[in-house]
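Protein sequence lines, in the order shown, are assigned to chains X and H.
Residues in the first sequence are numbered consecutively from 6, following the numbering used here.
Residues in the second sequence are numbered consecutively from 184, following the numbering used here.
These notes concern the structure reproduced below.
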Amino acid sequence: MVDEMIAVGLGEIKVSKNPDSTLVCFGLGSCVAVGIYDSINRIGGMAHVVLPDSSIGLAHGSPGKYADTAIPALIEQMKAAGARKSHMRVKIAGGAKMFASSPGLSNVLDVGTKNVAAVKKALASCGLRIAAEDCGGRAGRTFMLSLKDGVARVRTLGRSEIEL
Amino acid sequence: MTNGDVGLGEERERLMGRVVTAAMAKSTESLSKMTGANVSIESLKFGLVPISSAAQLAGGPDTPAAGVYLSVSGDITGHTLLLFPQSCALDLVDLLCERPKGTTEVLDCMGRSCLGEVGNITSTSFLIGLSEHTGLKLRPSPPEVVQDMVGAILSTILADLGLVSDEMFVIETEFADEHTSIAGVFLFVPMGDSLQTILSSLECHADGG
C-alpha cells in the first residue's frame, strides 16, 4: 500500500491517526519542522515553523507560524486526537542559513538559528525532549515522519537521505 | 494566479500591469543586448498570492532551483528574486552562451556568474522601469546566487515578509529566444507600506502629478 503523503505547508500544523501516512515538510530553509510521534497509539503530528517569536510581527498569524505558539498547539492537537504526552517522541529538522550576507535580509539572516533555539526552548517548556535532530548548516531539507514506525527521514540535495 | 485575481482593484491593476509590462520589456531588452540573442518575454502574469502558496511557484517547494536575490532600498524596501527550476537555469545558461540546449549539466562558477548577471539585469531593469513610472528612488543590492530547493530559497524571504504580511506580489515570466522557452518566476516583494507607496505613486504619476 502506498503511504498517504500529508504535506505540512508554511505555518501549518497537521496531525494524523493513519498509520499508513507520512507527514512531510518540503523545502525547509530557515524554517524548522517539528515532528512528534506517539508510538503506542501511532499518532503523529508536525508543525512547519517560520519565525521564532509570536510577540513580534503580525498579531493574527497562524499559531503554527511561530515556535512559541506552534509547539503548545501541536501538542494539544495531538492530545485531542488521542495521543498521550508520556508517549511522545520529538524529532526536528531545518533552521539553515540560506543567504550569506545580503543587506536586505539583515533582519532574518540568522532566523534559522533563532528558529531552532526557539523550538528547543518551547519544547523544554512543554516538558518534551528532542530524540533526534538535523539542523543548521547552509542547505535546504525535506523532512518526513512515517506514522508506520515513527522513523524520520531527511533529504538534502547532494547528500544521501538520512534517518533520524 | 491570473491577472484577474490581483486583489489590487481594477484601476490599480491596470496601472500596475502597464508598469510591469514596461519594466519586464526593459529587462529583456537589456538581456538581448548582453547576450546578442533575441530574448523576449513569452508570457507574463502578476498578482498578490498568499505566502502559504508561494512555495508552489517554480515547480513546487522541493524542486531543485537556482535563484538570484537582490534587496531593494531607497524610497521603498523590499526583495527581488529571480527563480528558475534547476533544469531551466541550465537551459538559460546555454541560451545566453549560445550553446546547444543540454550542454550545461552543472551550474559551475561560470554558470553562477552568468545567472547572477541575468538576475542583476532583470531585477535592476525592472526597478528602473518601476522608478520611471513612479518617480521613486530605488537602490538594488549586489546579486546573490542561491541553489537549493524552491521552498528553502524562499523561506528566508518569506520569514522577513511574514513579520508584516500574509501576501506577496508575484510576477511569473517565461523567457525565450527563437528556439527555446524557459519558465522562471520573478518575485518582487515590497515590504511593509511599500506596495501602497508604489500604488499611490503610480496613481499620482498617471494623474500627471
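Just so it is clear, CB atoms sit at the ideal spot from N, CA and C, and this is done for glycine as well.
No experiment lies behind these values; they were computed from the predicted model shown.
Starting from the C-beta of residue i, find all residues in its chain whose C-beta is less than 8 Å away, skip the five residues before and the five after it, and write them out in chain order.
{"i": "asparagine 186(H)", "result": "Here asparagine 186(H) scores only 40 on pLDDT, less than 50, and its place in the model should not be relied on; the value that follows carries that caveat. Counting only Cβ-Cβ distances below 8 Å, and skipping sequence neighbours, we find Glu196, Gly200, Lys228, Phe229 and Gly230."}
{"i": "serine 226(H)", "result": "Glu355, Thr356 and Glu357"}
{"i": "valine 103(X)", "result": "Reading off the sequence shown, one finds methionine at residue 103(X), where the question assumed valine. Counting only Cβ-Cβ distances below 8 Å, and skipping sequence neighbours, we find Gly34, Ser35, Gly117, Arg143 and Gly145."}
Can you give the Cα-Cα distance for residue i and residue j, rounded to whole angstroms?
{"i": "alanine 78(X)", "j": "glycine 312(H)", "result": "45 Å"}
{"i": "methionine 217(H)", "j": "isoleucine 234(H)", "result": "33 Å"}
{"i": "lysine 70(X)", "j": "alanine 342(H)", "result": "9 Å"}
{"i": "cysteine 131(X)", "j": "glutamate 17(X)", "result": "19 Å"}
{"i": "valine 251(H)", "j": "alanine 359(H)", "result": "18 Å"}
{"i": "valine 276(H)", "j": "leucine 264(H)", "result": "17 Å"}
{"i": "glycine 392(H)", "j": "serine 308(H)", "result": "With a pLDDT of 48 at glycine 392(H), under the threshold of 50, the modelled position of this residue cannot be trusted, and the question is left open."}
{"i": "leucine 240(H)", "j": "isoleucine 41(X)", "result": "29 Å"}
{"i": "cysteine 30(X)", "j": "cysteine 292(H)", "result": "30 Å"}
{"i": "serine 270(H)", "j": "isoleucine 80(X)", "result": "40 Å"}
{"i": "methionine 51(X)", "j": "arginine 158(X)", "result": "13 Å"}
{"i": "proline 68(X)", "j": "threonine 74(X)", "result": "5 Å"}
{"i": "aspartate 274(H)", "j": "serine 215(H)", "result": "16 Å"}
{"i": "methionine 10(X)", "j": "leucine 28(X)", "result": "6 Å"}
{"i": "isoleucine 224(H)", "j": "glycine 302(H)", "result": "15 Å"}
{"i": "aspartate 349(H)", "j": "methionine 332(H)", "result": "22 Å"}
Given a cut-off of 9 Å, decide if residue j and residue i are closer than it, judged by their beta-carbon atoms.
{"i": "isoleucine 97(X)", "j": "cysteine 140(X)", "result": "yes"}
{"i": "serine 21(X)", "j": "glycine 49(X)", "result": "yes"}
{"i": "valine 328(H)", "j": "alanine 249(H)", "result": "yes"}
{"i": "phenylalanine 267(H)", "j": "alanine 335(H)", "result": "no"}
{"i": "proline 373(H)", "j": "glycine 261(H)", "result": "yes"}
{"i": "valine 4(X)", "j": "glycine 109(X)", "result": "Because chain X here runs from 6 to 169, residue 4(X) falls outside it and cannot be looked at."}
{"i": "glycine 345(H)", "j": "leucine 152(X)", "result": "no"}
Tell me which same chain residues have a C-beta within less than 7 Å of the C-beta of residue i, skipping the five on either side of it?
{"i": "cysteine 387(H)", "result": "none"}
{"i": "alanine 136(X)", "result": "Arg94, Val95 and Lys96"}
{"i": "serine 324(H)", "result": "Leu253 and Ser254"}
{"i": "leucine 337(H)", "result": "Ala237 and Ala238"}
{"i": "glycine 299(H)", "result": "Val251, Pro326 and Val328"}
{"i": "arginine 47(X)", "result": "Pro24 and Leu152"}
{"i": "valine 156(X)", "result": "Glu168"}
Which residues in the same chain have their Cβ closer than 6 Å to the Cβ of residue i, if we skip the five residues on either side of it in sequence?
{"i": "threonine 305(H)", "result": "Ser210 and Leu265"}
{"i": "glycine 32(X)", "result": "Gly145"}
{"i": "aspartate 258(H)", "result": "Leu319 and Lys320"}
{"i": "threonine 161(X)", "result": "Ala144 and Arg146"}
{"i": "isoleucine 45(X)", "result": "His92"}
Could you please tell me which residues of the stretch 220–242 of chain H, in chain order, have their CB closer than 7 Å to any CB of chain X? Residues passing the 7 Å Cβ filter: Ile234, Ser235 and Ala238.
Chain-ordered residues of the stretch 334–360 of chain H with a beta carbon less than 8 Å from chain X: Going along the stretch 334–360 of chain H in chain order, one finds Gly334, Ala335, Ile336, Leu337, Ser338, Thr339, Ile340, Leu341, Ala342, Asp343, Gly345, Leu346, Val347, Ser348 and Asp349 with a Cβ nearer than 8 Å to chain X.
Any C-beta of chain X within less than 8 Å: which residues of the stretch 253–273 of chain H qualify? Going along the stretch 253–273 of chain H in chain order, one finds Leu253, Ser254, Val255, Ser256, Thr260, Gly261 and His262 with a Cβ nearer than 8 Å to chain X.
List, from N- to C-terminal side, the beta strand (DSSP E) runs of 3 residues or more that fit wholly inside the stretch 69–124 of chain X. The stretch 69–124 of chain X contains these whole beta strand (DSSP E) runs: 93–99.
Please specify which runs of the alpha helix (DSSP H), each continuous and at least 4 residues long, are wholly inside the stretch 195–254 of chain H, giving them in chain order. As summarised for the stretch 195–254 of chain H, the continuous alpha helix (DSSP H) elements at least 4 residues long and confined to that stretch are 234–237, given in chain order.
Please identify, using Cβ separations under 7 Å, the residues of the stretch 314–335 of chain H that lie next to chain X, in order along the chain. Of all residues in the stretch 314–335 of chain H, Ser324, Glu327, Val329, Asp331, Met332, Val333, Gly334 and Ala335 have a Cβ within less than 7 Å of some Cβ in chain X.
Taking beta-carbon pairs under 8 Å, can you tell me which members of the stretch 135–151 of chain X lie near chain H? Residues of the stretch 135–151 of chain X that bring their beta carbon within less than 8 Å of a beta carbon in chain H comprise Ala144, Gly145, Arg146 and Thr147, in sequence order.
Continuous beta strand (DSSP E) assignments of at least 3 residues falling wholly in the stretch 15–52 of chain X: As far as the stretch 15–52 of chain X is concerned, its whole beta strand (DSSP E) runs of at least 3 residues are 18–21, 26–33 and 37–43.
Whole alpha helix (DSSP H) runs in the stretch 261–287 of chain H with 4 or more residues, listed along the chain? Fully enclosed alpha helix (DSSP H) runs of 4 or longer: 269–279.
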